[in-house]
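Colleague: Just so you know, the protein sequences line up as chains V and S, in that order.
Counting from 1, position 6 in the first sequence corresponds to residue 925 in this note's numbering; the numbering is continuous, with no gaps.
Counting from 1, position 24 in the second sequence corresponds to residue 43 in this note's numbering; the numbering is continuous, with no gaps.
Here's a structure for you.
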Amino acid sequence: MSNTHTCPTCDEEITLPEGTVVAELITCDECETMLEVVAGTDGLTLTEAPEIEEDWGE
Amino acid sequence: MRIGLFHSTIRAEEKLLIKSANELGVEVKLYDIRKLNLDPESFKIDFDVALERSVSTTKGRHLVRFLERLNVPVLNSSDVANICEDKFLTAMVLHQAGVRQPRFAMVFEEQQAKEVINSWGGYPVVMKPTIGSWGRLISKINDEDALEAILDHKLTLGSPEQKAFFIQEFIEKPGRDIRAFVIGGRVIAAIYRDSSHWITNTARGGQASNCPITDELQVICQRSSQAVGGGILAMDLFESAQGLMINEINHTMEFRNSEQPTGVSISSEIINYCIESQNVKN
Numbered sequence: 920m921s922n923t924h925t926c927p928t929c930d931e932e933i934t935l936p937e938g939t940v941v942a943e944l945i946t947c948d949e950c951e952t953m954l955e956v957v958a959g960t961d962g963l964t965l966t967e968a969p970e971i972e973e974d975w976g977e
Numbered sequence: 020m021r022i023g024l025f026h027s028t029i030r031a032e033e034k035l036l037i038k039s040a041n042e043l044g045v046e047v048k049l050y051d052i053r054k055l056n057l058d059p060e061s062f063k064i065d066f067d068v069a070l071e072r073s074v075s076t077t078k079g080r081h082l083v084r085f086l087e088r089l090n091v092p093v094l095n096s097s098d099v100a101n102i103c104e105d106k107f108l109t110a111m112v113l114h115q116a117g118v119r120q121p122r123f124a125m126v127f128e129e130q131q132a133k134e135v136i137n138s139w140g141g142y143p144v145v146m147k148p149t150i151g152s153w154g155r156l157i158s159k160i161n162d163e164d165a166l167e168a169i170l171d172h173k174l175t176l177g178s179p180e181q182k183a184f185f186i187q188e189f190i191e192k193p194g195r196d197i198r199a200f201v202i203g204g205r206v207i208a209a210i211y212r213d214s215s216h217w218i219t220n221t222a223r224g225g226q227a228s229n230c231p232i233t234d235e236l237q238v239i240c241q242r243s244s245q246a247v248g249g250g251i252l253a254m255d256l257f258e259s260a261q262g263l264m265i266n267e268i269n270h271t272m273e274f275r276n277s278e279q280p281t282g283v284s285i286s287s288e289i290i291n292y293c294i295e296s297q298n299v300k301n
């Protein structure tokens, strides 16, 4: 399975590092969009990460 | 020993926790809270202790309450989370315990806001939501005009929570504050957060550097930890003219920028605490 993907925002090619897990956050180097790794039918894919919600905290 | 790590998105902190657990030979089972069915009849418990790492306070709160009622040990407990997620309640608990902190008040009307600020000697003051973090929606109010504008905006937003005004004395600080990482009542590491802005969160650009753990820091953090119920905490402190004071306490802390300057593996300390908490119970 290829670990090279395309940024859903800017189409930049993104290579996922070894050990990447589902739900991990990745930042696109090109457009700086925060992306989330999700499980697709054919392996991992990338989607835009959820927006910060009012109750998000540390 | 198996740790159930309950997450939403996996941030740098969760990656560090997974790595440290692997190095310590501890099995970690990942649970994406967003994908769970919290159905008590069908939920399978396949771990010894749960570590709650939700980014969302609401999702984390529901999860922890659910697990505790299934008799699953959770860090942090709902008792700790209930206090720490609410800044007014945290301040009251610290007040009850006699911990030094900025003066504060909760008011519900503009006139009461003006009265309490005048009784403290005037402006500036800080107004903040009782729930929330990363320094979001925190306002430094420099005069009465600004107060009226902020309150007008809050009232226009309409939600009941916006109509509760948590006001805090503004503390002059030396271009930095302190974040202490407190696990089981002990400060394991601390950083200075330097910023030219009055909000010093590293998520907002504050620069982290190592802060020595003094006796004064250890004592105030220990007392504060005891007051809120212990567990895994991050405490924000001001260096005031009267000495250290607690500003806020966080119960699901971020620490990605703090391991390198302190040289302390905060993630390993958290995993070890999960193990110890179970050993103490058994």
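Even glycine gets a Cβ: it sits at the ideal position worked out from N, Cα and C.
Taking only beta-carbon positions, decide if S/His216 is within less than 8 Å of chain V.
Modeller: Start at 1 with the first residue of the second sequence, and residue 216 of chain S comes out as number 197. Judged by the 8 Å Cβ criterion, S/His216 is not in contact with chain V.
Colleague: Taking 8 Å as the threshold, find out whether the region 156 to 170 of chain S comes into contact with the region 102 to 113 of chain S through three or more Cβ pairs.
Modeller: No, the region 156 to 170 of chain S is not in contact with the region 102 to 113 of chain S.
Colleague: Out of S/Ser286, S/Met20 and S/Glu267, which one is the CA nearest neighbour of S/Val145?
Modeller: In the second sequence, residue 145 of chain S corresponds to position 126, counting from 1. Of the candidates S/Ser286, S/Met20 and S/Glu267, the one whose C-alpha sits nearest the C-alpha of S/Val145 is S/Glu267.
Colleague: Please classify S/Leu70 as buried or exposed, where buried requires at least 16 neighbouring CB atoms within 10 angstroms.
Modeller: Here residue 70 of chain S refers to the residue found at position 51 when the second sequence is read from its first residue. Classification of S/Leu70: buried, given that the 10 Å Cβ count is 16 or more.
Colleague: In the DSSP output, which residue or residues are listed as bridge partners for S/His172?
Modeller: Working through the second sequence from its first residue, we reach residue 172 of chain S at position 153. S/His172 pairs with nothing; no bridge assigned.
Colleague: Secondary structure at S/Tyr292, three-state DSSP: helix, strand or coil?
Modeller: Taking the second sequence and counting its residues from 1, one reaches residue 292 of chain S at position 273. S/Tyr292 falls in the helix class under three-state DSSP.
Colleague: Please determine, among S/Tyr211, S/Glu42, S/Asp234 and S/Gln261, the residue with the shortest C-alpha to C-alpha distance to S/Ser228.
Modeller: The count along the second sequence starts at 1 and reaches residue 228 of chain S at position 209. Minimum Cα distance to S/Ser228 is reached at S/Tyr211.
Colleague: So which of S/Ile186, S/Asn291, S/Asn298 and S/Ile207 has the shortest CA-CA distance to S/Lys38?
Modeller: Locating residue 38 of chain S in the second sequence gives position 19, counting from the first residue. Nearest of S/Ile186, S/Asn291, S/Asn298 and S/Ile207 to S/Lys38, Cα basis: S/Asn291.
Colleague: Are V/Pro927 and V/Glu967 touching if we call contact CB-CB under 8 Å?
Modeller: To locate residue 927 of chain V, count along the first sequence from 1; it is residue 8. To locate residue 967 of chain V, count along the first sequence from 1; it is residue 48. Contact: yes.
Colleague: State yes or no: is the C-beta of V/Glu943 within less than 8 Å of the C-beta of S/Ile29?
Modeller: Against the first sequence, residue 943 of chain V aligns to sequence position 24. Against the second sequence, residue 29 of chain S aligns to sequence position 10. Against a cut-off of 8 Å, the Cβ pair of S/Ile29 and V/Glu943 comes out as a contact.
Colleague: Cβ atoms of S/Thr271 and S/Ser73: under 8 Å apart, would you say?
Modeller: The count along the second sequence starts at 1 and reaches residue 73 of chain S at position 54. The count along the second sequence starts at 1 and reaches residue 271 of chain S at position 252. Closer than 8 Å, so yes.
Colleague: Around the C-beta of S/His114, are 16 or more other C-beta atoms found within 10 angstroms, so that it is buried, or is it exposed?
Modeller: Mapped onto the second sequence, residue 114 of chain S falls at position 95. With fewer than 16 other Cβ atoms within 10 Å, it is exposed.
Colleague: If you draw a straight line from the alpha carbon of S/Ile218 to that of S/Gly225, how long is it in whole angstroms?
Modeller: Indexing the second sequence from 1 puts residue 218 of chain S at position 199. Indexing the second sequence from 1 puts residue 225 of chain S at position 206. So the alpha carbons of these two residues sit roughly 8 Å apart.
Colleague: Got a sec? Which residues, its chain only, sit under 7 Å from S/Pro143 by beta carbon, not counting five neighbours each side?
Modeller: Taking the second sequence and counting its residues from 1, the one referred to as residue 143 of chain S is at position 124. Closer than 7 Å at Cβ, skipping near neighbours: Lys159, Ile160, Asn161 and Phe189.
Colleague: Please indicate yes or no: does the CB of V/Thr923 lie closer than 7 Å to some heavy atom of the ligand NAD?
Modeller: In the structure on display, the ligand NAD does not appear, and there are no ligands present to speak of.
Colleague: Measure the alpha-carbon distance for V/Val956 versus S/Pro59 and round it to whole angstroms.
Modeller: As a working mapping, residue 956 of chain V is identified with position 37 in the first sequence. As a working mapping, residue 59 of chain S is identified with position 40 in the second sequence. Roughly 29 Å between the two C-alpha positions.
Colleague: Exposed or buried, what is S/Ser215 when buried is set at 16 or more other beta-carbons lying within 10 Å of its beta-carbon?
Modeller: Along the second sequence, read from residue 1 onward, the residue named residue 215 of chain S stands at position 196. Classification of S/Ser215: exposed, given that the 10 Å Cβ count is below 16.
Colleague: So with Cβ pairs under 8 Å, would you call S/Lys34 a contact of chain V?
Modeller: Along the second sequence, one-based indexing puts residue 34 of chain S at 15. Taking Cβ atoms only, chain V reaches closer than 8 Å to S/Lys34, which makes this a yes.
Colleague: Whole angstroms is fine: what's the gap from S/Arg205's alpha carbon to S/Thr175's?
Modeller: The residue labelled residue 205 of chain S in the question sits at position 186 within the second sequence. The residue labelled residue 175 of chain S in the question sits at position 156 within the second sequence. About 43 Å.
Colleague: Assign S/Val118 to one of two classes, buried (16 or more other C-beta atoms within 10 Å of its C-beta) or exposed (fewer than that).
Modeller: Residue 118 of chain S sits at position 99 when you count from the first residue of the second sequence. Buried: at least 16 other Cβ atoms inside 10 Å.
Colleague: Is S/Lys78 helix, strand or coil by DSSP?
Modeller: For this step, residue 78 of chain S is matched to residue 59 along the second sequence. Here S/Lys78 sits in helix by DSSP.
Colleague: When you compare only the Cα positions, how much space is there between V/Glu937 and S/Phe107?
Modeller: The residue you call residue 937 of chain V lines up with position 18 of the first sequence. The residue you call residue 107 of chain S lines up with position 88 of the second sequence. Going by the C-alpha atoms only, they are around 43 Å apart.
Colleague: Expressed to the nearest angstrom, what Euclidean distance is found between the alpha-carbon atoms of S/Val99 and V/Cys929?
Modeller: Locating residue 99 of chain S in the second sequence gives position 80, where the first residue counts as 1. Locating residue 929 of chain V in the first sequence gives position 10, where the first residue counts as 1. Spanning the two alpha carbons is a distance of roughly 42 Å.
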